[in-house]
Amino acid sequence: MIKAIVFDLGGVLVPLNREACVDAFRAIGVDSFANMLDKYVQGGFFLEYEKGLIDTCRFREIIKESIEDREYAKNLDNSLIDNAMGAFLEPIAHYKLDLLIDLKKSYPLYMLSNTNPIAIEVVKPFFNYRNLGMGDYFNALFLSYEMKMAKPDTDIFIKMVQEIGLPANEILFIDDASVNIESAKSVGLTTILYTDDLDLKKEIYDLL
Numbered sequence: 001m002i003k004a005i006v007f008d009l010g011g012v013l014v015p016l017n018r019e020a021c022v023d024a025f026r027a028i029g030v031d032s033f034a035n036m037l038d039k040y041v042q043g044g045f046f047l048e049y050e051k052g053l054i055d056t057c058r059f060r061e062i063i064k065e066s067i068e069d070r071e072y073a074k075n076l077d078n079s080l081i082d083n084a085m086g087a088f089l090e091p092i093a094h095y096k097l098d099l100l101i102d103l104k105k106s107y108p109l110y111m112l113s114n115t116n117p118i119a120i121e122v123v124k125p126f127f128n129y130r131n132l133g134m135g136d137y138f139n140a141l142f143l144s145y146e147m148k149m150a151k152p153d154t155d156i157f158i159k160m161v162q163e164i165g166l167p168a169n170e171i172l173f174i175d176d177a178s179v180n181i182e183s184a185k186s187v188g189l190t191t192i193l194y195t196d197d198l199d200l201k202k203e204i205y206d207l208l
C-alpha cells in the first residue's frame with residue numbers, strides 16, 4: 001500500500017528546455033555549456049553545483065572563466081547567467097498543480113530533485129497558484145545541493161527513505177529518467193517512469 005508520494009521536479013512537474021538553455025548561454029558567450037547540460041544526468045562543474053560542492057558565486061565565476069573575451073567576462077552581469085540557467089525551466093501546467101493539491105489531501109507529498117539554488121529561485125513562482133506557494137504542496141523537499149548528493153546515486157534514495165520514515169515499498173517515486181528509476185527500484189521504492197504522453201493522474205491513482 002502506498003503511503004507517500006515523491007515527485008521529481010525537472011522533467012516531471014517542470015518541463016525542461018535544454019536547447020533554450022544552451023542557446024541562452026551561447027548568447028552570453030558560453031559555448032561549452034551544452035557539454036554539461038543533459039536532460040537527465042548532468043556533468044562537470046554543473047553536477048558539482050547541483051551536489052552543493054560549489055556555491056553560486058563559484059558557479060558564476062567558472063561560467064565567466066570559460067568566456068574567451070576576458071574583458072567582456074569581467075563585466076558580465078550575474079543576472080544574465082541566472083537568466084540563462086532559468087531558460088532551462090518552463091512553467092508548470094495547472095493540471096499538475098491541481099493534482100498535487102488533490103493528492104495532498106490524502107497523502108504526504110515530497111520532492112526529490114537534482115537542482116541548484118538558481119533553479120529553485122526560478123521555479124518558486126511556478127507554484128504560485130490558488131494562494132499557495134511551493135512549500136505548501138510538499139511535506140519536505142529533498143534537494144541535491146542541500147543533501148550533497150544526487151540521483152542516480154542510491155545514497156540519496158536511502159537518505160530520503162530514512163527521512164520519510166516509511167518502508168521503501170510504501171513510497172511511490174516518480175521520475176522521468178530511467179537511470180533514476182532503476183536506482184530507486186534497487187532500494188525498494190515503487191516507481192513510475194514519467195513520459196510526456198503519460199496520463200500521470202491515472203498512473204498514480206491506479207497504484208493507490
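Residue numbers (this note's numbering): 1 to 208.
Positions of the beta carbon are idealized from the N, C-alpha and C atoms, including for glycine.
Just so we're clear, the structure is a prediction, and the values are computed from it rather than from any experiment.
For residue i, which of the options has the nearest alpha-carbon?
{"i": "LYS12", "options": "PRO108, ASP206, LEU193", "result": "Correcting the residue type first, residue 12 is Val in the shown sequence and not Lys. Nearest of PRO108, ASP206, LEU193 to VAL12, Cα basis: LEU193."}
{"i": "ILE156", "options": "VAL187, LEU100, ALA87", "result": "VAL187"}
{"i": "LEU132", "options": "VAL30, LEU97, CYS57", "result": "LEU97"}
{"i": "LYS3", "options": "GLN162, LEU200, TYR129, LEU172", "result": "LEU172"}
{"i": "ASP136", "options": "LYS151, LYS105, ALA150, GLU163", "result": "LYS105"}
{"i": "LEU198", "options": "ALA24, ALA150, LYS185, ILE174", "result": "ILE174"}
{"i": "ALA27", "options": "THR154, LYS202, ALA84, ALA168", "result": "ALA84"}
{"i": "MET134", "options": "GLY52, THR154, ARG58, ILE101", "result": "ILE101"}
So residue i and residue j are supposed to be a Cβ contact under 8 Å. How far apart are they, rounded?
{"i": "PHE138", "j": "PRO91", "result": "Between PRO91 and PHE138 the Cβ distance is about 18 Å, and since that is not below 8 Å, they are no contact."}
{"i": "TYR72", "j": "VAL6", "result": "Between VAL6 and TYR72 the Cβ distance is about 43 Å, and since that is not below 8 Å, they are no contact."}
{"i": "ASN78", "j": "ARG60", "result": "5 Å"}
So for residue i, helix, strand or coil by DSSP?
{"i": "SER113", "result": "strand"}
{"i": "ASP55", "result": "coil"}
{"i": "VAL30", "result": "coil"}
{"i": "LEU80", "result": "helix"}
{"i": "GLY44", "result": "helix"}
{"i": "ALA184", "result": "helix"}
{"i": "LEU208", "result": "coil"}
{"i": "LEU13", "result": "coil"}
{"i": "TYR107", "result": "coil"}
{"i": "PHE126", "result": "helix"}
What are the boundary residues of the beta strand (DSSP E) that residue i is part of?
{"i": "ASP175", "result": "171-175"}
{"i": "ILE5", "result": "4-7"}
Where does the unbroken alpha helix (DSSP H) through residue i begin, and where does it stop?
{"i": "ILE101", "result": "94-104"}
{"i": "THR195", "result": "Here THR195 belongs to no alpha helix (DSSP H), and DSSP marks it neither H nor E."}
{"i": "ALA73", "result": "70-74"}
Got a sec: is the Cβ-Cβ distance from residue i to anything in chain C below 8 Å?
{"i": "ASN131", "result": "In the displayed structure, chain C is absent; only one protein chain is listed."}
In chain order, each alpha helix (DSSP H) run of at least 4 residues that lies wholly inside the segment 135-172 = 144-147, 154-164
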